[in-house]
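Remarks on the structure that follows.
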Amino acid sequence: MPVFAETSKPTIVLVHGAFADSSSWNEVVSRLENDGYPVVAVANPLRGVKFDGEYVGNVLNGLKTPVVLVGHSYGGSVISEAAADADNVKALVFVAAFAPEPGESAAALSSKEPGSTLAPTLAEPVVLEDGVKDLYIDQSKFPEQFAADVPLADARLLAVTQRPITDAALTEPVRKAGWKNIPSWFVYGDADKNIPPTTLQWMAERANSKGTVAVKGASHVVMISHPDEVTKLIETAAETIN
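Counted from 1, the sequence shown has number 138 at position 138 by UniProt numbering; the numbering is strictly sequential.
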């Protein structure tokens, strides 16, 4: 695990979602580090909720500090799973993210309300040896679907470097919901095309959010297009930790 300089600030652990990688947090990382926070951006395997949750849990176990655990999109399912068994997680931040109840899946929540246009933008899946499929967004459709408020050249790079998620991961129900016992904050864009904003707001209300920010006109990658707002909410959560 990384070795950080001595600080009284909690460690911020960032977990990316589907069709993305840890670099999606770059603008947030630079701001957090500039403000003196130690940061870990986890490479989420995107293989399945239980598998990914255990992986993130192992990362958390290696940290000997209080943690603010942050998840984007499908990463919200993963942090919900991982946080339930991690005593050092003191706050959760959901960034355009799922906050499922035990038994709920990302796929079920994304279709709870009309508005998600993700399914028609998916490319031909990659069939793996065990019959599970890796899913990508069609590169030509990625900018408009995933990152409509990001400069087009940057959105095209995101499209090319996206990481796949298994179809099984999106339909696998979570077993645990850390947000039931850990204070949680929510931020999302009101122009999100992957997860309906009405669902994102509903999940925040269900989780008794300590603070919810809806960024006007922001896409699904609100942490890329509006890193100041996302960083501010993460730091607000961090400041509640004694």
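Here a beta-carbon is modelled for each residue, glycine too, at the ideal position from N, C-alpha and C.
Under DSSP, K133 takes part in a beta bridge, and its partners are V127. Sequence-distant partners of I165 (beyond 5 residues in either direction) whose C-beta falls short of 6 Å from its own C-beta, in its chain, are A18, L46 and L135.
Restricting attention to beta strand (DSSP E) runs no shorter than 3 residues, the stretch 49 to 123 encloses them at 67 to 72 and 89 to 95, ordered along the chain. Residue environment for G217: exposed (fewer than 16 other C-beta atoms within 10 angstroms of its C-beta). Between L69 and A83, the CB-CB gap stays under 9 Å.
Under DSSP, W185 forms a beta bridge with V93. By the criterion of a C-beta distance shorter than 7 Å, S225 is surrounded in its chain by D149, V150, A218 and S219, once the five residues flanking it on both sides are discounted.
Here the C-alpha atom of V132 lies approximately 11 Å from the C-alpha atom of G48.
Contact annotation, D35 with T161: C-beta distance approximately 27 Å; criterion of less than 8 Å not satisfied.
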